[in-house]
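Remember, the numbering used here sits 1090 above the position in the sequence shown when you count from 1. Virtual Cβ for every residue (Gly too), placed ideally from N, Cα, C.
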Amino acid sequence: MTSPAPHVQDTELAAEDGADLLRRVRALDLEAKVRLLTGGDLWSLPAEPALGLRSVVMSDGPQGVRGTGEEADPTGLLAAAPSALAATWDRDLAEHVGALFAAEARRKGVHVLLAPLANLQRTPVAGRHFEYWSEDPQLTAVMATGVVRGLQGANVAACLKHFVANESETDRTRYRSKIDERTLREVYLAPFEQVIAEARPWSIMSAYSGLDDGVESAPAAEHHRLLRSILKGEWGFDGPVISDWASARTTVETALGGLDVVMPGPDGPWGDLLVQAVREGRVPEALVDDKVVRVLRLARRVGQLAGGAAPDEGAAVTARPSSNSYALLRQVAAQSVVVLRDEAKLLPLPNVRSIALIGPNAVRPYLQGGGSAYVPTARTVGYEEGLRAALPADVTLSVHRGGDARMLPPFIDGAYAEDPHGDGLGIRADFLDKDGTRIGTVLRPTGDWGGFEAFPADTHRVTLRTRLVLTEPGLHRLEFGCAGRHRFAVDGILVSYEDAERGVDMVLDSSHSRPRTHGVDITVEEGQAPLQVRVTADLTVVDAAGYGRFISAHLRHRRPGPSAADEIAEAVRAAESADVAVVIVGTNEEVESEGWDRTGLQLPGHQDELVRAVVAANPRTVVVVNAGAPVLLPWAEQVPTLLWGWLPGQEAGHALADVLTGRTEPAGRLPWTLPARAEDVPAPHARPTNGVVAYQEGLYIGYRAWDRAGLRPAYPFGHGLGWSTWSYESLVVHQAPVSGELSGPATGAGDGLNLTVEVVNTGSRPAREVVQVYLEPPADGELDRPVRTLAGFAVVKAGPGERTTADVHIRQRALQIWDPQASQWRTPPGRYRLLTGRSSRDLRRITEITVT
Ligand code: BGC
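This is the structure in structure tokens:
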């Protein structure tokens, strides 16, 4: 593919604000302009006093606001993961969460939140599945729109990411997604287009991956057609396109392709090289001016440009998280819980005297997914703590793990590690300079030295030493993992080493967060305990380019303990004698994270066995799945009450207690399809072949594929029982669609159809219903189309016996197809069926419209 010829059409700045900003930009020399287009450091854009431009600070997103790593006290609020919020199908709630993030951002001095995502859950094994909203473009767009509005309503910019078709992690900077034009428009671009039309995000992030749309094949950050023709041209996006971290690798191609900002900095492919390219006429200076204008526009919107309209609250807001914030996080986490099944009508829990709380995730809940989305939090409420706080004091609550679901041993516990110099408990680190001279020392009570960087600047090597006390007889397992050059030894015997001195590619190589481990077993005989072993490590500091210098070492120790079978047996005994068993199974940090894709859909460890055994022991069992992405639940139909509990964030325990005690309705609906069998999954893996991830399933993502194949999933898209029953009384179309051809960008509200759906709460409690409307295109249409697609939805509430009306808007786009020949949208004529109901497979009312 040859580079398209440079053109400067999108530098025509129609708006007055553009002209004003352009005047300011032109007052700078070329070097000064170019300097503003690469990060000043890992998280911020440089200031330019001559323009009144202050530094613009960015931070991840989307489970909270991580901050830039400078605060000593991690007070960050941790929300439920986006897929959980999506399960509420509630744009207003998403807007509240966006506003909460905005307050967090202001508190932490952040102006741009690197969120929300608008990628889709194409394959259930995708590592970042928990971070994406849904397998459906419409639901994705609505939820992302809510977050953008909440953020920007408080003058914090959203950065919509990752543009586009970055739906998996394996080899993520090297693959190109190959997608036909129609699928690209109707499925993968659709949520971006809709969010841009309806919420106008102030910045966007290009994807790590590349795109081959049949016309142009290029990395996303260089894709001229994508960035300049579609995004900036057709859709009129007026903010900066920011590179995903360390993904910009070329000078001229990225500059011409439409990238505006290279992150992180201060190094990178622009700087002097871009100045030179402009001087040599390979990049028009007007294009550089346009990029700077976009940066200034962003700065003005967040209050970092003097003379801007937005208030500059910046660091002035220092308040700590309030109880209102905790209440919102708790509400989201509780409301998002999906009742997959409640045969035994156990919700809310009847008067109980004793509860057996069981499962690896009951003991260690998985609250948030890993990777750039990770937010350190000071306050987290586990399941046991939440239940204990909610239950009357005379209710007995016993807790049983029922087997470990983690493959790796836990980190060395400082309580069993003695400083060899006798200074107390912990692991001693000595920091050595290039000559081997000790320039610092620290003692820390843990074997977790992942991403450790708190050493003197001249540190070249770090030695870790401790005397680990093996207190009990039996089999002990020690395991070590490390990024970069290292030597680990136990009692002088080498266990793990790497001799090559190398840096770490933070983007491609997950060795810093998930290093390969090597281990040794030590059997302590009766009478030998306690036994001391010397653990030593010699590590070379790794250079992770723009991400700094650190060591990343994991020192792990599993002590002798009961086998999984013993733990399951113990849990079963507890379940037998309790009124109710609550079993919490799920994934964990070894399973769901940015940086890699899963290899299968099974629950890790012995959790299937555990559930089966507990359910057999006590028919009053509630099973809660604590996971962001689908896992197979082969026992689902034997479980009396089954809830999907997501990655619920810091208020996990309170939220689950609210659901179990009847304080909050678990009103979630699945934003994706839960497969019953791995072999039914439409896009079962995400491995590139020869550098290409082929989106062969075309338009048939998620439920569209299941409907087409006529397969029955475990639970369909949109499913969730809540705690009431509903009858669907009527479906009325109030506005006929515009006939004929339409083109150009979506115009948001105003076009399309308005419907009303009348529903009655036929249950005995006040409840919340997600009224879903699906569209079935004419069967005789000349083009292949999905059987049905989600066209609109609305959330309503009603008391027992109460009737209420849901107003549902359907955008014109929902009826349309992209015509690749004509390069435009059109609405094929014919009879369309509109169906409304409780899920994509529970449709209660039908009506038809005719497009002439
Ligand atoms: C992720 C982005 C994130 C960025 C900054 C990248 O690895 O793909 O989502 O915003 O890092 O942390």
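In this structure Ala1311 touches Thr1344 by the C-beta definition: roughly 5 Å separates them, less than 8 Å. The count of Cβ pairs closer than 8 Å, one atom from the segment 1678 to 1692 and one from the segment 1489 to 1498, reaches three, so the stretches are in contact.
The closest heavy atom of ligand 1 lies 8 Å or more from the beta carbon of Val1373. When the five nearest sequence neighbours on each side are left out, the beta carbons in the same chain lying within less than 7 Å of the beta carbon of Phe1883 are those of Trp1179, Val1860, Val1861, Gln1862, Val1863 and Val1898, in order along the chain.
Shown here, Leu1845 sits in a strand according to DSSP, grouped into three states. Burial check for Asn1441: the Cβ neighbour count within 10 Å stays below 16, so the residue is exposed. For Asp1897, the secondary structure class from DSSP, reduced to helix, strand or coil, is strand.
The three-state reading of DSSP puts Ile1791 in coil, since its state is none of H, G, I, E or B. Approximately 7 Å separates the beta-carbon atoms of Phe1570 and His1644; this is inside 8 Å, confirming the contact. According to the DSSP assignment, Leu1419 belongs to the alpha helix (DSSP H) that extends over Ser1413 to Gln1425.
If you draw a straight line from the Cα of Arg1369 to the Cα of Leu1120, it is about 9 Å long.
Within the DSSP secondary-structure output, Met1497 pairs in no beta bridge.
Between the alpha carbons of Leu1229 and Arg1372 lies a gap of roughly 42 Å. Proximity of the beta carbon of His1252 to ligand 1 is indicated: a heavy atom of the ligand is located closer than 8 Å.
Assignment of Glu1474 by DSSP, reduced to helix, strand and coil, places it in the helix class.
Between Gly1810 and Val1232, the C-beta gap is not smaller than 9 Å, which leaves the two residues out of contact. The segment 1590 to 1597 makes no contact with the segment 1646 to 1655, as fewer than three CB pairs between them are under 8 Å. Counted as a single uninterrupted DSSP element, the alpha helix (DSSP H) harbouring Lys1381 occupies residues Glu1375 to Arg1391. By the Cβ rule, the segment 1285 to 1293 counts as touching the segment 1233 to 1241, because three or more pairs are nearer than 8 Å. About 5 Å separates the beta carbons of Asp1669 and Ser1444, which is inside the 8 Å limit, making them a contact pair. Per DSSP, reduced to three states, the secondary structure at Asp1432 is strand. In this structure, the C-beta of Asp1357 stays at least 8 Å away from each heavy atom of ligand 1. Taking 8 Å as the upper bound for CB-CB distance, Arg1702 and Ser1820 are not in contact here, some 44 Å apart. For Asp1362, the number of other beta carbons within 10 angstroms of its own is below 16, and it is reported as exposed. Only buried fits Ser1426, as 16 or more other CB atoms lie within 10 angstroms of its CB.
Counting the other CB atoms within 10 Å of its CB gives Glu1138 a total of 16 or more, which places it among the buried residues. Non-local beta-carbon contacts of Val1124 in its own chain, meaning distances under 7 Å to residues more than five positions away in sequence, involve Trp1360, Gly1361, Leu1364, Val1365 and Val1378 in chain order. The beta carbon of Leu1127 lies closer than 8 Å to those of Asp1350, Val1351, Val1352, Trp1360, Leu1364, Val1378, Lys1381, Val1382 and Val1385 in the same chain, with the five residues before and after it left out. Residue pairing by DSSP puts Thr1531 in a beta bridge opposite Asp1520. Boundaries of the alpha helix (DSSP H) around Gly1240: Pro1227 to Gln1242.
Just so you know, the alpha carbons of Trp1539 and His1511 end up roughly 20 Å apart.
Per DSSP, Arg1858 lies in no alpha helix (DSSP H); the unbroken beta strand (DSSP E) holding it starts and ends at Ala1857 to Glu1866.
Within the chosen limit of 8 Å, ligand 1 reaches the beta carbon of Val1597 through at least one heavy atom.
Contact annotation: Leu1629 and Ile1612 have beta-carbon atoms that are not nearer than 9 Å. Under the DSSP definition of a beta bridge, Gln1622 partners with Val1559.
In this chain, the alpha helix (DSSP H) harbouring Leu1363 covers Gly1361 to Arg1369.
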